[in-house]
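Respectively, the protein sequence lines represent chains V and G.
Here the working numbering is used: the first residue of the first sequence is 571, the next is one more, and so on.
Here the working numbering is used: the first residue of the second sequence is 166, the next is one more, and so on.
Even glycine gets a Cβ: it sits at the ideal position worked out from N, Cα and C.
Quick caveat: nothing in here was measured; it's all calculated off a predicted structure.
Take a look at the structure below.
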Amino acid sequence: MKIALCSSFVPFVYGGARNIVEWLESTLLAEGHQVERIYLPHVDTPERLFTQMAAYRWLDLDAADRVICFRPPAHVVPHPNKVLWFIHHIRAFYDLWDTPYRGFPADARHCNIRDALHDADTRALREARHVFTNSAVVSQRLRDYNGVNSEVLYPPIFAPQRFHCRGFNDEVVYICRVEHHKRQHLLVEAMRYTQTPVRLRLCGTSSRSDYVKELFALVNRYGLGKRVIIEHGWISEEQKVDYLAECLAAAYLPLDEDSYGYPSLEASHAGKPILTTSDAGGVLELVEHGRNGLVCNPRPEELAAALDQLYEDRHATERMGRAARDRLEELDINWARVLNRLLA
Amino acid sequence: MKVLVVNNMAPFLWGGAEELAAHLQRNLTEAGHQSEVLRIPFQWEPATRIPSQMLMVRSLELWNVDRVIALKFPAYLIRHPHKTLWLLHQYRQAYDLLESGQSNLPENEVGATIRNAIVAADGEAFKESRRIFVNSEVTRTRLKKFNRFDSEVLLPPLNDPELFTGGAGQGYVFAGGRINGMKRQHLLVEAMAKAPPLARLVVAGPPDTPDDARQLERLVEQHGLGDRVKLDLRFLPRSEYAAYLNAANAVAYLPYDEDSLGYVAMEAATAGKALISAHDSGGVLGLVRPGETGWVTEPDPEPLAQAMASACTDQTTAARLGAAARELWLRMGITWPRTIEKLLT
Numbered sequence: 571m572k573i574a575l576c577s578s579f580v581p582f583v584y585g586g587a588r589n590i591v592e593w594l595e596s597t598l599l600a601e602g603h604q605v606e607r608i609y610l611p612h613v614d615t616p617e618r619l620f621t622q623m624a625a626y627r628w629l630d631l632d633a634a635d636r637v638i639c640f641r642p643p644a645h646v647v648p649h650p651n652k653v654l655w656f657i658h659h660i661r662a663f664y665d666l667w668d669t670p671y672r673g674f675p676a677d678a679r680h681c682n683i684r685d686a687l688h689d690a691d692t693r694a695l696r697e698a699r700h701v702f703t704n705s706a707v708v709s710q711r712l713r714d715y716n717g718v719n720s721e722v723l724y725p726p727i728f729a730p731q732r733f734h735c736r737g738f739n740d741e742v743v744y745i746c747r748v749e750h751h752k753r754q755h756l757l758v759e760a761m762r763y764t765q766t767p768v769r770l771r772l773c774g775t776s777s778r779s780d781y782v783k784e785l786f787a788l789v790n791r792y793g794l795g796k797r798v799i800i801e802h803g804w805i806s807e808e809q810k811v812d813y814l815a816e817c818l819a820a821a822y823l824p825l826d827e828d829s830y831g832y833p834s835l836e837a838s839h840a841g842k843p844i845l846t847t848s849d850a851g852g853v854l855e856l857v858e859h860g861r862n863g864l865v866c867n868p869r870p871e872e873l874a875a876a877l878d879q880l881y882e883d884r885h886a887t888e889r890m891g892r893a894a895r896d897r898l899e900e901l902d903i904n905w906a907r908v909l910n911r912l913l914a
Numbered sequence: 166m167k168v169l170v171v172n173n174m175a176p177f178l179w180g181g182a183e184e185l186a187a188h189l190q191r192n193l194t195e196a197g198h199q200s201e202v203l204r205i206p207f208q209w210e211p212a213t214r215i216p217s218q219m220l221m222v223r224s225l226e227l228w229n230v231d232r233v234i235a236l237k238f239p240a241y242l243i244r245h246p247h248k249t250l251w252l253l254h255q256y257r258q259a260y261d262l263l264e265s266g267q268s269n270l271p272e273n274e275v276g277a278t279i280r281n282a283i284v285a286a287d288g289e290a291f292k293e294s295r296r297i298f299v300n301s302e303v304t305r306t307r308l309k310k311f312n313r314f315d316s317e318v319l320l321p322p323l324n325d326p327e328l329f330t331g332g333a334g335q336g337y338v339f340a341g342g343r344i345n346g347m348k349r350q351h352l353l354v355e356a357m358a359k360a361p362p363l364a365r366l367v368v369a370g371p372p373d374t375p376d377d378a379r380q381l382e383r384l385v386e387q388h389g390l391g392d393r394v395k396l397d398l399r400f401l402p403r404s405e406y407a408a409y410l411n412a413a414n415a416v417a418y419l420p421y422d423e424d425s426l427g428y429v430a431m432e433a434a435t436a437g438k439a440l441i442s443a444h445d446s447g448g449v450l451g452l453v454r455p456g457e458t459g460w461v462t463e464p465d466p467e468p469l470a471q472a473m474a475s476a477c478t479d480q481t482t483a484a485r486l487g488a489a490a491r492e493l494w495l496r497m498g499i500t501w502p503r504t505i506e507k508l509l510t
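What follows is the structure, given as structure tokens:
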């Protein structure tokens, strides 16, 4: 089949929104399909939303048998065989409207833009043969804001068989972009209150050097240098596999994220429990407290208790690690299912 | 610097321009820049959808990009404060191909309106660009004639020059590259019917259509040339292609009015091979100087037969012309590091 994958992007910014597209591309190619990946730029400026939406609407992908669209406004692309794998709205006009993240006043002008956007989105969503999402959170929003039903199709990671478990050392690893909303700082603060020799390793690149500096400053202030390691910078996939194979557990505690996040999936494939927080959003679709990880309130003291528990009760930690793998099977997170559904 | 290469794509097709964009991106990265290629889909059929696709490109917003290097219509319509063009071609069906009756624009008011929109948009895009480079003298002349814009010729370098080491000629003329009516490999086969028995020809490359392949096969059969013409009609791995070229006495390349030097001619010159081309082959003639680096004839079997006979039988002359072709090519100094430097000035 000739399949076009269409999404929006910001040049030179790489991350989860590209992974879902490019991993699907590799998987489809391996299955013998012809695949064309189309990334067009997009900027979230309210004033320029509709001209950009028009641009996507003028795209001519008639040469494809099927078009799979990801990040908005790719969902407005016209095609008789359009399938959406919808990963988020333009959130400032949806769930972030009533939060400080909106970034512009809720005046009449912006209210009108919001209403027009909701209307255009709803129409584009209704054109699709089928709407899939990456999480129950996003599906719920489609129902609430657009009155559109969708099917959750959990995105797998690429080549998951790379991940394995070799044992359980004393280290909880957090391998993820180092950003304020991923809240590495909460874990560093938690390390002040731990009672056991449990250690913490933070790995990842950052778009903001001041946040990294803040983390280093916290480590110094509390004298945690021996028990907290910050590896700021890009680590190789091999290194990541190794850390996860050896670690005690993996942490992933973003603030109200839409989906479960690739870090928690990688940890599950490595047979390691996941430490997260009650306000982490989509992560809670994957992690059940006491079964395949620990869920606690986003307070340093409570995180510290959870870290200690992982260290002290090895038996439970190993059991939760095994359960993390089982949970993936239970949710049917794999590429065979993704292809089966997207090409149906 | 964050350099975005902006190019077209025809969905599910991969052509020379896409290859060039990919190599440009790779070489920008090697020169220490961050680089990505933005590929914007463009379908020119039906022609009535061209204007909306122009608007599409014009409506896109770029952010987090220091420089844009744009290559083709309509990709170069993209808005950016620091845009440099490396023009591979305009929409020729609104310009020279319209004049020669080879345009897909309808011959009515609608067609005229589309044409005017293309010319107006081109004018605006050229005006707002910091620099305009073109890939050939032909493109430069065309831009001057139709749009009245000056530009500088910046020839695309070879991507794998190390493959073309040259070597002793094994007594045949080689014709490589894509096979189609415009590239006129059929003239070479017809010429073989008129050339002396010592002349030999190897044609190797992917036919655009099954008909292009059949035409050559039929000519070989019709003239009984089976033992003197070898047809290897498929997409060849680069190493096999280079092996054919390195062992040839001369390389024949006579496309109709090509825009640029053409990779085939550049590869031949790199390998020190004499060139055979035609008077109407356009940009290719930048490397083929009659009596100096090769033979230039009328695009007819008779005179081509003579050139091919000389190439196959007079090793000394072929080698001398080939050496001169290589020298001419090296003097042009067309390398990736120099090209990147120019594009970012």
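Please list the partners that residue i has in chain G, where partner means a Cβ-to-Cβ separation under 7 angstroms.
i      : result
V:T621 : S224
Which residues mark the beginning and the end of the alpha helix (DSSP H) in which residue i is found?
i      : result
V:N682 : 678-697
V:W655 : Segment 652-656 is the beta strand (DSSP E) holding V:W655; no alpha helix (DSSP H) there.
G:C477 : 466-478
G:W228 : First-last for G:W228: undefined, no H or E at that position.
G:Q267 : Looking at the DSSP string, G:Q267 is not in any alpha helix (DSSP H), and its letter there is neither H nor E.
G:M174 : It is not in any alpha helix (DSSP H) - G:M174 instead sits in the beta strand (DSSP E) that spans 167-174.
G:G334 : Looking at the DSSP string, G:G334 is not in any alpha helix (DSSP H), and its letter there is neither H nor E.
V:Y744 : No alpha helix (DSSP H) holds V:Y744; the beta strand (DSSP E) holding it covers 741-745.
V:N647 : The question names Asn, yet the displayed sequence has Val at residue 647 of chain V. From DSSP, V:V647 is part of no alpha helix (DSSP H); its letter is neither H nor E.
Would you identify the three-state DSSP class for residue i, choosing helix, strand or coil?
i      : result
V:R618 : helix
V:E721 : strand
G:V233 : strand
G:F291 : helix
V:K783 : helix
V:S834 : helix
G:D397 : strand
V:S848 : coil
V:H750 : helix
G:H254 : strand
G:E210 : coil
Under 7 angstroms between beta-carbons, which chain V residues line up against residue i? List them in chain order, please.
i      : result
G:P176 : A574, E606, L631, A633, A634
G:L169 : P581
G:E199 : The sequence given here places Gln at residue 199 of chain G; Glu does not occur at that position. Correct list: F582.
Are the CB atoms of residue j and residue i within a distance shorter than 8 angstroms?
i      : j      : result
G:R257 : G:L270 : no
V:V908 : V:P675 : no
G:R204 : G:R223 : no
G:I344 : G:D315 : no
V:L825 : V:D849 : yes
G:L440 : G:A433 : yes
V:F640 : V:W628 : no
G:V368 : G:L410 : no
G:A586 : G:L323 : Residue 586 of chain G is absent from the model: chain G starts at 166 and stops at 510.
Within a Cβ cutoff of 6 angstroms, which residues of the same chain sit near residue i, ignoring the five residues on either side of it in sequence?
i      : result
G:E210 : none
G:S294 : K248, L250
G:W199 : The sequence shown places Gln at residue 199 of chain G, rather than the Trp named in the question. Here the set comprises K167.
Could you spell out where the beta strand (DSSP E) holding residue i opens and where it closes?
i      : result
G:G181 : Here G:G181 belongs to no beta strand (DSSP E); instead the alpha helix (DSSP H) covers 181-195.
V:E801 : 798-802
V:Q604 : 604-611
For a contact meaning CB atoms closer than 7 angstroms, what does residue i contact in chain A?
i      : result
G:S217 : In the structure shown, chain A does not exist; the protein chains are V and G.
Near residue i, what residues of its chain come up, given a Cβ to Cβ distance below 7 angstroms and the 5 sequence neighbours on each side ignored?
i      : result
V:Q754 : Y744, V748, L772, L785
V:Y763 : P870, E871, A874
G:A240 : V171, N172, N173, I205, V222
V:F733 : V811, L814, E836, H839, A840
In chain G, which residues lie less than 9 angstroms from residue i when you measure between Cβ atoms?
i      : result
V:V583 : N229
V:L599 : Within 9 angstroms Cβ-Cβ: nothing; V:L599 doesn't reach chain G, min ~13 angstroms.
V:R618 : S224, E226
Along chain V, which residues have their Cβ under 8 angstroms away from the Cβ of residue i?
i      : result
G:A214 : It is worth fixing the name first, because residue 214 of chain G is Arg in this sequence and not Ala. D630, listed in chain order.
G:L220 : A624, A625, W628
Whose Cβ in chain V lies nearer than 9 angstroms to the Cβ of residue i?
i      : result
G:Q190 : Those within 9 angstroms of G:Q190 in chain V number zero; the least Cβ separation is about 12 angstroms.
G:K148 : Lying outside 166 to 510, the shown extent of chain G, residue 148 of chain G is not represented and no answer is given.
G:Q208 : D630, L631, D632, A633
Check the Cβ of residue i against every Cβ in chain G and list those closer than 8 angstroms, keeping chain order.
i      : result
V:V580 : W228, N229
V:P611 : L203, L225, E226, L227, W228
What residues in its chain sit with their C-beta under 8 angstroms from that of residue i, if we drop five residues either side in the sequence?
i      : result
G:D231 : M166, K167, V168, H247
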